[in-house]
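Numbering-wise (this note's numbering), the sequence shown opens with residue -2 and increments by one.
For glycine and all other residues, C-beta sits at the position ideal for the given N, C-alpha and C.
The structure displayed is predicted, hence computed values, not measured ones.
Worksheet for the structure shown next.
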Amino acid sequence: MKRSAVLSALVSALFIFQSCTKTESDFSVATPETISIQASSLTVAPGTVVAFTVLSSKNNENVTTSSTVYVNGTAVAGSSYTFASVGTFAVYATKGSITSNVATINVVTTPAGSFVHNVLVEEYSGTWCGNCPRLLYGVDLLHQQTQKAFVVGIHLFGGDPFITSQGNDLAAMRGVSGVPTGSINRTKSWTGPQYENVPQVVNEIKASANTGLALSSTLVSGSLNISVKIAYKQAVSGNTKLTVYLVEDNLKHTQRNYSSNIYGGLPNIANFNYNGVLRAVISSLDGDAIPNSGDTNEKAYGVTFPANVSSAANAKLIVFVTDAGGNVLNVQQAKVGEVKDFERL
């Protein structure tokens, strides 16, 4: 009787062990497809064209062309819409019988003399970092939705080939101790996984800005000369600073990837294309003091073109103004040798 009880207990324990060690896939069920709609901007001035992107829950596939976009319940042609009048508009999409979330577009009047507003994203990542494609794919999706987000890539740790000493110093100054880390306008953290939170960045794009930037540069015999002009519609309270980055596009290296649902699930993505990679900080690391009012302010820089830039044709400048609290008031970018005037509304 005693032996029978022991045998019964062993059988029960074996059954429990087998049940608890089953893989997650043994219990998985098919998840219905959902879609989400994202807008290139949520707050705009009258007459602005807003582009919409529709993504499927299946590998974040772009299904915009097979979806229908509705503005206040009326289907529109294509995936963009011109908002002509002031007001609040509800936008959603359908794909067959599937309906997306609702994106709210606010159309507001802009004060005369205002400037186009852009947003700054600083992404800290590494080629060796398997979790970093979550941030890098978020940047890809962001660029699909808007041209008003300027992204700087700061590579850190792990023997990454694109590391710079100034990038390391910048990370230390900003309190970045791990990757992937995304920062929006210097004061907000981009929540991960970033490819699921692209609207968090888009929401920061305003209908207008009080601060405007113009930018030009020349590269002659290895000498880079930069002129940045800063204008304000109204004076800004407190001290303001100007930061100037030199970045490079089209840098390639193998990228480690731990995510099975992006970039084809490849564990190592060969010849991954990196854009906006920090090559040098031309200004002081924390920015240079500039006036906080007026429309004729100018800051000039003259430096030797950095030797770590692979191709001058792929180099560009990203400049931004921060207020006393460190928040980015506006940002502008231009290729080396390009003239970018004020973008006034």
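Per DSSP, the bridge partner or partners of residue i
i, result
"isoleucine 102", "Phe86"
"histidine 152", "Ser122"
"lysine 226", "Ala211, Glu295"
"valine 328", "Phe317"
"histidine 250", "Phe269"
"glutamate 245", "Val274, Ala312"
"aspartate 285", "Leu239"
"alanine 146", "Val116"
"tyrosine 134", "None, per the DSSP bridge assignment."
"lysine 92", "Ile95"
"phenylalanine 80", "Thr45"
"valine 233", "For valine 233, which the question treats as bridged, DSSP gives no partner whatsoever."
Buried or exposed (CB count within 10 angstroms, at least 16 for buried), residue i
i, result
"lysine -1", "Interpretation of lysine -1 is limited by its pLDDT of 47, a score under 50 that renders its predicted location unreliable; the figure taken from the coordinates is listed afterwards. Answer is exposed; the Cβ neighbour count stays below 16."
"threonine 301", "exposed"
"threonine 44", "The question names threonine, but residue 44 in the sequence shown is glycine. That one is exposed."
"glutamate 30", "exposed"
"valine 88", "buried"
"leucine 4", "Low per-residue confidence applies at leucine 4: pLDDT is 44, beneath 50, and the placement is therefore not dependable, though the value from the model is reported in the following sentence. Per the 10 Å Cβ criterion, exposed."
"proline 130", "buried"
"asparagine 289", "buried"
"alanine 286", "exposed"
"glutamate 295", "exposed"
"alanine 169", "exposed"
"glutamine 330", "buried"
"glycine 346", "As displayed, the chain neither begins before -2 nor continues past 342, which places residue 346 out of reach and without an answer."
"alanine 204", "buried"
"serine 280", "buried"
"asparagine 222", "exposed"
Proximity test, Cβ basis, 9 Å: residue i and chain B
i, result
"glycine 175", "Among the chains of the structure shown, chain B does not appear; only one protein chain is present."
Residue i CB to nearest heavy atom of the ligand ADP below 8 Å
i, result
"leucine 239", "Among the ligands in the structure shown, none appear at all, so the ligand ADP cannot be discussed."
Supposed contact pair residue j and residue i - C-beta distance, whole angstroms, cut 8 Å
i, j, result
"valine 316", "valine 328", "7 Å"
"valine 195", "leucine 138", "5 Å"
"valine 41", "valine 104", "6 Å"
"valine 60", "isoleucine 34", "Between isoleucine 34 and valine 60 the Cβ distance is about 10 Å, and since that is not below 8 Å, they are no contact."
If contact is defined by three or more beta carbon pairs under 8 Å, each pair taking one atom from either stretch, is the region 320 to 328 in contact with the region 252 to 265?
The answer is no - the region 320 to 328 does not touch the region 252 to 265, with fewer than three Cβ pairs under 8 Å.
With a threshold of 8 Å, are at least 3 pairs of Cβ atoms found where one atom belongs to the region 231 to 239 and the other to the region 169 to 189?
Taking 8 Å as the limit for Cβ pairs, the verdict is that the region 169 to 189 does not touch the region 231 to 239.
On the three-pair Cβ rule with 8 Å, is the region 216 to 227 touching the region 92 to 111?
The region 92 to 111 and the region 216 to 227 do not touch, with fewer than three beta-carbon pairs separated by less than 8 Å.
With contact counted as at least three CB pairs below 8 Å, one residue from each stretch, are the region 123 to 143 and the region 96 to 112 in contact?
In short, these stretches do not touch, since the Cβ pair count stays below three.
Are three or more beta carbon pairs between the region 140 to 152 and the region 267 to 281 nearer than 8 Å?
Yes, the region 140 to 152 touches the region 267 to 281.
Would the region 157 to 167 count as touching the region 75 to 83 if we require 3 or more Cβ pairs under 8 Å?
Between the region 157 to 167 and the region 75 to 83, the count of C-beta pairs closer than 8 Å stays below three; the two stretches do not touch.
Does the structure place the region 245 to 255 close enough to the region 208 to 215 that three or more beta carbon pairs sit under 8 Å?
No contact exists between the region 208 to 215 and the region 245 to 255.
Which runs of the beta strand (DSSP E) at least 3 residues long sit entirely within the region 155 to 223? Give them in chain order.
With a minimum length of 3 residues, the continuous beta strand (DSSP E) runs that stay inside the region 155 to 223 are 178 to 181, 208 to 217.
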